[in-house]
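Step one of this worksheet: look at the structure below.
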Amino acid sequence: MRVRAPGRVNLIGDHTDYTGGLVLPMAIDRETVVEVEAHDAVELRSSDEPEAVVLPLDVTDPSAVRPVWGRYVAGVVSVLRPTTGMRGVVSTTIPIGGGLSSSAALEVAVALALGFEGAPLELAQACQRAEQVATGVPCGIMDQLASASGVAGHALLIDCTTSAVTPVPVPDDLEVVVVHSGQARAVAATAYAERRAQCEAAAAVVGPLRAASLDDLGALDDPVLRRRTRHIVSENARVAAFAEALAGGRFDELGPLLAGSHASLRDDFEVSTPALDALVERLAATPGVLGARLTGAGFGGCTVALAERGSPVEGWRARAAGRASRC
Ligand code: GLA
Numbered sequence: 031m032r033v034r035a036p037g038r039v040n041l042i043g044d045h046t047d048y049t050g051g052l053v054l055p056m057a058i059d060r061e062t063v064v065e066v067e068a069h070d071a072v073e074l075r076s077s078d079e080p081e082a083v084v085l086p087l088d089v090t091d092p093s094a095v096r097p098v099w100g101r102y103v104a105g106v107v108s109v110l111r112p113t114t115g116m117r118g119v120v121s122t123t124i125p126i127g128g129g130l131s132s133s134a135a136l137e138v139a140v141a142l143a144l145g146f147e148g149a150p151l152e153l154a155q156a157c158q159r160a161e162q163v164a165t166g167v168p169c170g171i172m173d174q175l176a177s178a179s180g181v182a183g184h185a186l187l188i189d190c191t192t193s194a195v196t197p198v199p200v201p202d203d204l205e206v207v208v209v210h211s212g213q214a215r216a217v218a219a220t221a222y223a224e225r226r227a228q229c230e231a232a233a234a235v236v237g238p239l240r241a242a243s244l245d246d247l248g249a250l251d252d253p254v255l256r257r258r259t260r261h262i263v264s265e266n267a268r269v270a271a272f273a274e275a276l277a278g279g280r281f282d283e284l285g286p287l288l289a290g291s292h293a294s295l296r297d298d299f300e301v302s303t304p305a306l307d308a309l310v311e312r313l314a315a316t317p318g319v320l321g322a323r324l325t326g327a328g329f330g331g332c333t334v335a336l337a338e339r340g341s342p343v344e345g346w347r348a349r350a351a352g353r354a355s356r357c
């Protein structure tokens, strides 16, 4: 069996998924491929890793598995509990640990290779749980759902309260440009959990953040929780406005929304870094670039820019790819 699963880049809407908010990722034309045959355990080799992963079907603690890349595989095995294992090879064109959801793509590919038969949302939910048990990071569903439900040529407007996925065409005259900040995401794991806990603390006061408005900020005494909530409320509004402007061909509205998202992630959610800020500023000042922002969890990793086709801006041009599949 041969399976492929794409990575993702998020155009706008970060740290909103785990609060039931709106996100607009797209699956990208960089993917992880798993080729396997049936076996009585799980044995995977990777062309990018020196050590193979060997796991029993009843693996119990994915977060302790070695080599470390095997934790994602073990997470999927522990969530799906397959009765038949597999033996084979993994390869990927997604930069590993580069903010383009290489781990989500590996989880989705492994789940399909183990015979998972559910709908894309169920696949994403199983893989989200796998990521959580593998890493201890209380991630949202965006990365796995983008890989599981990508549509070629489209970004995906995802409502993380209803789980509805609405494809939004990405016009041919725009380019999605991804640039890595050069900074690895060292503190992401702990600070991510802290941000999520802060959002939950705010929701305990004002109710679900998806339904909150800027008027609710006054009910929050803690200035940090006020800032976190202001990011979530304003980011949801930006995602909705961005998706509408993109679908309506009103490209002049996109840049300010990207800039607003970056500023909010920097000032209110505090997940940017000086390296990301400097890169976003440089990209935004390049001719033909409509706007730029950090993308994903932040604390390093990648930026995304939207540019008119033919802009001289440096970076990798991502194209929107179709969803993970057996092939
Ligand atoms: C990581 C998580 C996602 C999402 C983003 C931030 O990629 O895995 O669920 O929360 O960070 O938007």
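Read left to right, the sequence shown gives residues 31 to 357 (the working numbering).
Note that the Cβ used here is the ideal one computed from N, Cα and C, for glycine as well.
Cβ-based burial, Ala233 [other Cβ within 10 Å; buried from 16]: Counted from its first residue, the sequence shown places residue 233 at position 203. Buried, by the Cβ-count rule.
Indicate whether His184 and Ala351 have their beta-carbon atoms separated by less than 7 Å. Position 154 of the sequence shown, counted from the first residue, corresponds to residue 184. Position 321 of the sequence shown, counted from the first residue, corresponds to residue 351. No, they are not a contact pair.
I need the straight-line Cα distance from Ala305 to Ala314, nearest angstrom please. Position 275 of the sequence shown holds residue 305. Position 284 of the sequence shown holds residue 314. Distance between the alpha carbons of Ala305 and Ala314: 14 Å.
Rounded C-alpha distance that separates Ala214 from Asp88: What you label residue 214 is simply residue 184 of the sequence shown in a count that begins at 1. What you label residue 88 is simply residue 58 of the sequence shown in a count that begins at 1. Taking the straight line from one Cα to the other gives about 33 Å.
Considering only residues of the same chain and omitting the five flanking positions on each side of Gly285, which have a CB-CB separation below 6 Å? Sequence index remark: in the sequence shown, residue 285 carries index 255 (1-based). So the list reads Leu320, Gly321, once near-sequence residues are dropped.
For the beta strand (DSSP E) holding Gly157, just list the boundary residues, first then last. In the sequence shown, residue 157 corresponds to position 127, counting from 1. Looking at the sequence shown, residue 157 is not Gly but Cys. Not the beta strand (DSSP E): Cys157 falls in the alpha helix (DSSP H), residues 150-165.
Under the rule that 16 or more other beta-carbon atoms within 10 Å means buried, what is Gly340, buried or exposed? Counted from its first residue, the sequence shown places residue 340 at position 310. So Gly340 ends up on the exposed side.
Tell me the start and end of each unbroken beta strand (DSSP E) in the region 202-276 that is at least 3 residues and wholly inside, in chain order. 204-210
Going along the chain, which residues put their C-beta within less than 5 Å of some heavy atom in ligand 1? Asp44, His45, Asp47, Cys169, Gly170, Met172, Asp173, Gly326, Ala327
So for Asn306, helix, strand or coil by DSSP? Numbered from its first residue, the sequence shown carries residue 306 at position 276. Here residue 306 is Leu; the residue named in the question, Asn, does not match the sequence. DSSP places Leu306 in helix when its eight states are reduced to three.
With a CB to CB cut of under 6 Å and the five nearest residues on each side skipped, what residues in its chain are close to Arg60? Within the sequence shown, residue 60 is the residue found at index 30, counting from 1. So the list reads Gly37, Thr123, Ile124, once near-sequence residues are dropped.
Same chain, Cβ closer than 8 Å to Pro168, neighbours up to 5 away in sequence not counted: In the sequence shown, counting from the first residue as 1, residue 168 sits at position 138. If we look at Pro168 and ignore the five residues flanking it on each side, its Cβ neighbours are Tyr48, Gln162, Tyr222, Ala223, Arg226.
Is it the case that the region 288-302 contacts the region 262-271, given that we only count it when at least three CB pairs across the two stretches are under 8 Å? At 8 Å Cβ cutoff, the stretches touch.
C-alpha distance - Arg347 paired with Ala337, whole-angstrom precision: Counting from one through the sequence shown, the residue named residue 347 turns up at place 317. Counting from one through the sequence shown, the residue named residue 337 turns up at place 307. The alpha-carbon atoms of Arg347 and Ala337 are separated by roughly 10 Å.
Leu255 burial status per 10 Å Cβ neighbour count (16 or more: buried): Taking the sequence shown and counting its residues from 1, one reaches residue 255 at position 225. Classification of Leu255: buried, given that the 10 Å Cβ count is 16 or more.
Whether Ser193 touches Leu151 by CB criterion (7 Å): As a working note, residue 193 is residue 163 in the sequence shown. As a working note, residue 151 is residue 121 in the sequence shown. Yes, these two residues count as a Cβ contact at 7 Å.
From what residue to what residue does the alpha helix (DSSP H) around Val5 run? Shown here, the chain extends from 31 to 357; a query on residue 5 therefore has no answer.
For Pro92, which option in Pro86, Leu85, Arg101 has the closest C-alpha, if you only look at C-alpha atoms? If you number the sequence shown from 1, residue 92 lands on position 62. Looking at the Cα atoms, Arg101 is the closest of the given residues.
Kindly give me the distance between the Cβ atoms of Val39 and Arg75, rounded to whole angstroms, as I take these residues to be in contact under 8 Å. Residue mapping note: residue 39 aligns to position 9 of the sequence shown, counting from 1. Residue mapping note: residue 75 aligns to position 45 of the sequence shown, counting from 1. Actually they are not in contact, since the Cβ atoms of Val39 and Arg75 sit about 28 Å apart, beyond 8 Å.
Return the chain-ordered list of same chain residues with a C-beta closer than 7 Å to the C-beta of Ala242, the five sequence neighbours on each side being excluded. Position 212 of the sequence shown, counting from 1, holds the residue named residue 242. Cβ within range, chain order: Val236, Thr259, Val263.
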